[in-house]
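Written below as structure tokens is the structure these notes are about.
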Amino acid sequence: MLSSPSISQVLKYAVPLLFSAWLLSFLISYESAYHGVVRQFKDERELFISDFLEHEVDGSFDGFGITGLCASKKWTPGLILSCDAAPGGVGVVKNAHLSCIRFAIEMGTELVVPRIVKRDQKDIANLTPHNGGGPQRGVPIDYFFDYDNLHETLSRFCPQMKVYRSMDELHDVPHKSYNFELGALDVARTNGSIIADMPHLPAQFKAYMDRVAPPATRRYPLRFNLAVTNWAFPTAFDTPSFARNFGRILRIRKDARTLAASALFNMQKQFNLALDPRSGIRNGSFVGIHLRTEKDGDTIFPSYENQAAYLLEYLASAHARVAFLATGATEEHITAFSTRARDFGVTVVLKRDVLHDADLALLNTLTWDQRALVDYEIMLRAGLMAGPSESSFAWNLALRRNGADGVSRGTHHVAPNVRVQWKDAHSAIFGASERGLLYMATIWP
Numbered sequence: 009m010l011s012s013p014s015i016s017q018v019l020k021y022a023v024p025l026l027f028s029a030w031l032l033s034f035l036i037s038y039e040s041a042y043h044g045v046v047r048q049f050k051d052e053r054e055l056f057i058s059d060f061l062e063h064e065v066d067g068s069f070d071g072f073g074i075t076g077l078c079a080s081k082k083w084t085p086g087l088i089l090s091c092d093a094a095p096g097g098v099g100v101v102k103n104a105h106l107s108c109i110r111f112a113i114e115m116g117t118e119l120v121v122p123r124i125v126k127r128d129q130k131d132i133a134n135l136t137p138h139n140g141g142g143p144q145r146g147v148p149i150d151y152f153f154d155y156d157n158l159h160e161t162l163s164r165f166c167p168q169m170k171v172y173r174s175m176d177e178l179h180d181v182p183h184k185s186y187n188f189e190l191g192a193l194d195v196a197r198t199n200g201s202i203i204a205d206m207p208h209l210p211a212q213f214k215a216y217m218d219r220v221a222p223p224a225t226r227r228y229p230l231r232f233n234l235a236v237t238n239w240a241f242p243t244a245f246d247t248p249s250f251a252r253n254f255g256r257i258l259r260i261r262k263d264a265r266t267l268a269a270s271a272l273f274n275m276q277k278q279f280n281l282a283l284d285p286r287s288g289i290r291n292g293s294f295v296g297i298h299l300r301t302e303k304d305g306d307t308i309f310p311s312y313e314n315q316a317a318y319l320l321e322y323l324a325s326a327h328a329r330v331a332f333l334a335t336g337a338t339e340e341h342i343t344a345f346s347t348r349a350r351d352f353g354v355t356v357v358l359k360r361d362v363l364h365d366a367d368l369a370l371l372n373t374l375t376w377d378q379r380a381l382v383d384y385e386i387m388l389r390a391g392l393m394a395g396p397s398e399s400s401f402a403w404n405l406a407l408r409r410n411g412a413d414g415v416s417r418g419t420h421h422v423a424p425n426v427r428v429q430w431k432d433a434h435s436a437i438f439g440a441s442e443r444g445l446l447y448m449a450t451i452w453p
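And the structure:
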């Protein structure tokens with residue numbers, strides 16, 4: 009039996025602990041109730057947009073795979089990796105940037121964030137309008153992506169890596185630099201592209217560095233500039249957690265995401281769609297379609313007739329009422345596809361159809377590639393999505409959406425006569441191109 013002093017001692021500590029537990033429980037329930045009340049008084053559009061911006065389609069970001077990888081590497085202060093700016097659309101540029109960052113992690117270097125090449129707005133087939141024969145300088149990363157999010161994420165989850173926003177931050181730092189291509193490292197590559205022996209890459213880079221900058225005379229800072237290198241790093245080399253989340257460090261710029269949210273809100277109202285930005289993908293909402301016939305892809309993509317045949321079949325089998333058509337088709341083919349879709353009871357809309365007033369005015373200030381950022385965010389939220397296997401844009405969407413509800417990788421077919429190269433619960437990639445197999449193995453979504 010406890011004596012009175014013992015009981016007093018127990019109560020001395022127990023009462024504050026019980027009170028703290030009650031207070032924490034009360035605050036949690038109060039905060040939940042408070043937010044519930046606040047939501048009731050928010051403007052419906054404002055609430056939809058804020059929900060969209062606060063909730064990713066594939067849930068909360070998990071950076072601990074990045075943390076584990078960075079912690080396992082040997083880092084060299086003053087050793088810097090920069091990469092040439094990659095020309096192309098968001099699918100190409102995003103993966104080139106991620107490849108540069110991933111190489112920096114593997115080699116244990118500091119990083120200069122790559123820039124982006126703006127294509128000619130009067131001739132979208134001209135990806136490098138200011139090409140003087142050398143590397144393209146490009147524009148800052150903010151042209152497509154949210155730099156602050158990138159910097160904050162790397163600072164938190166990979167603190168070993170020092171990040172420079174651009175070469176401007178090194179303009180008054182004396183340092184020697186070397187330009188190199190991946191081939192200079194004597195790296196074996198599958199099908200001439202994918203690195204075949206990843207575990208030896210750091211040693212191969214070190215051997216190359218020792219050749220061009222011998223340790224006996226080496227001085228830091230020392231920068232190595234990598235030529236544009238894409239579709240080379242096999243994503244299967246990393247853990248599933250890393251591969252699922254790494255691509256998300258490059259988040260689309262906020263104004264484009266806000267326009268996408270506004271477009272989805274308007275679509276929901278116009279067509280009575282079951283859309284809730286907090287709940288990921290809802291298969292009964294609308295179908296996202298990527299039809300690719302603009303002149304910048306003349307030599308890459310199948311004919312309009314071949315693409316339309318599959319996409320219309322996909323719409324019919326999905327029993328869709330509404331389809332969203334992303335950037336990438338000519339006006340002639342937009343009209344033809346929309347007209348034919350009506351025969352299947354499907355209404356086709358574009359961004360310009362579901363953005364109004366100030367939103368439409370803002371959209372019209374964006375370049376062709378920047379408008380595709382809005383498409384990307386809308387297509388992520390589609391109930392179903394389809395596109396051609398030659399499109400890195402379509403593959404990026406399909407692979408990202410694949411993780412939206414924790415489902416495993418989709419099935420894929422490689423026989424030349426099979427029309428579907430990828431299909432899962434949310435997306436389909438049609439065709440059987442070698443390019444598609446390359447994308448599937450090297451894209452961080």
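Numbering (this note's numbering), first residue to last: 9 to 453.
Just so you know, even glycine gets a beta-carbon here, dropped at the ideal spot from N, CA and C.
So which of the options has the shortest CA-CA distance to residue i?
| i | options | result |
| --- | --- | --- |
| G336 | H364, K184 and Y312 | Y312 |
| R340 | S174, P95 and A316 | Sequence inspection shows Glu at residue 340; the Arg mentioned does not correspond to that position. The shortest Cα separation from E340 among S174, P95 and A316 belongs to A316. |
| W248 | L363, E64, G411 and K50 | The sequence shown places Pro at residue 248, not Trp. Checking every option, the nearest Cα to that of P248 belongs to G411. |
| N157 | V147, W376, R259 and R350 | R259 |
| V357 | R379, A334 and T338 | A334 |
| K277 | Y318, G353 and V362 | V362 |
| F165 | D51, G146, L209 and F250 | F250 |
| E385 | D128, L190, L272 and G191 | L272 |
| R265 | I342, N233 and L370 | L370 |
| H183 | D176, R110 and R227 | R227 |
| M115 | K81, P95 and R145 | K81 |
| N199 | P242, A221 and L230 | P242 |
| F332 | S174, P137, W452 and V382 | V382 |
| L446 | L405, S399 and R409 | S399 |
| F69 | G439, M448 and R408 | R408 |
| F438 | R360, E321 and L267 | E321 |
| P167 | D246, F27, A112 and V220 | A112 |
| V330 | D365, T338, A366 and M387 | M387 |
| R427 | R443, N404, W452 and S397 | S397 |
Tell me the DSSP secondary structure of residue i in three-state form.
| i | result |
| --- | --- |
| F232 | strand |
| S166 | Before going further, note that residue 166 is Cys rather than Ser in the sequence given. Here C166 sits in coil by DSSP. |
| I88 | strand |
| G395 | strand |
| I74 | helix |
| P424 | Only weak support is given to the placement of P424: the predicted model assigns it a pLDDT of 47, under 50, and the question is left unresolved by the model. |
| W430 | strand |
| L135 | coil |
| E52 | helix |
| L358 | coil |
| G296 | strand |
| F352 | coil |
| I260 | strand |
| Y42 | Because the pLDDT at Y42 is just 47, under 50, the model does not fix this residue reliably, and the value given afterwards should be weighed accordingly. Three-state DSSP puts Y42 in a helix. |
| F27 | helix |
| A268 | helix |
| A112 | helix |
| F153 | strand |
| A390 | coil |
| A93 | coil |
Start and end of the alpha helix (DSSP H) containing residue i?
| i | result |
| --- | --- |
| Y186 | Here Y186 belongs to no alpha helix (DSSP H); instead the beta strand (DSSP E) covers K184 to F188. |
| E64 | Premise fails: E64 is in no alpha helix (DSSP H) and is neither H nor E. |
| Q129 | Run containing Q129: none; DSSP gives neither H nor E here. |
| P248 | P248 to F254 |
| G444 | E442 to T450 |
| A412 | Note, A412: premise wrong, no alpha helix (DSSP H); not H, not E. |
| D367 | D365 to T373 |
Tell me whether residue i, by its Cβ, gets closer than 8 Å to a heavy atom of the ligand SAH.
| i | result |
| --- | --- |
| A324 | No copy of the ligand SAH appears in this structure; indeed no ligand is present at all. |
Along the chain, where does the beta strand (DSSP E) containing residue i start, and where does it finish?
| i | result |
| --- | --- |
| F438 | S435 to F438 |
| L119 | E118 to V120 |
With a threshold of 8 Å, are at least 3 pairs of Cβ atoms found where one atom belongs to the stretch 200-208 and the other to the stretch 53-60? Output reads no: the stretch 53-60 does not touch the stretch 200-208.
How do the stretch 214-230 and the stretch 65-77 stand: do at least 3 beta-carbon pairs fall below 8 Å, yes or no? Result no; under three Cβ-Cβ pairs closer than 8 Å.
Let me know the beta strand (DSSP E) ranges lying completely inside the stretch 172-226, each 3 residues or longer, listed in chain order. Qualifying beta strand (DSSP E) stretches, in chain order: 184-188.
At a cut of 8 Å, does the stretch 391-398 reach the stretch 432-439 through at least three beta carbon pairs? Contact between the stretch 391-398 and the stretch 432-439 is present, because at least three Cβ pairs lie under 8 Å.
Could you pull out every unbroken beta strand (DSSP E) segment of at least 3 residues lying fully inside the stretch 303-341, listed in chain order? As far as the stretch 303-341 is concerned, its whole beta strand (DSSP E) runs of at least 3 residues are 330-333.
Contact the stretch 284-291 vs the stretch 299-313: 3+ CB pairs below 8 Å: No: fewer than three Cβ pairs fall under 8 Å.
Just checking, does the stretch 367-386 make contact with the stretch 241-255 on the three C-beta pairs under 8 Å criterion? Judged by Cβ distances under 8 Å, the stretch 367-386 makes no contact with the stretch 241-255, as fewer than three pairs qualify.
Quick check: the stretch 303-310 against the stretch 75-94, are there 3 or more CB pairs under 8 Å? No, because fewer than three Cβ pairs between the stretch 303-310 and the stretch 75-94 fall closer than 8 Å, the two stretches do not touch.
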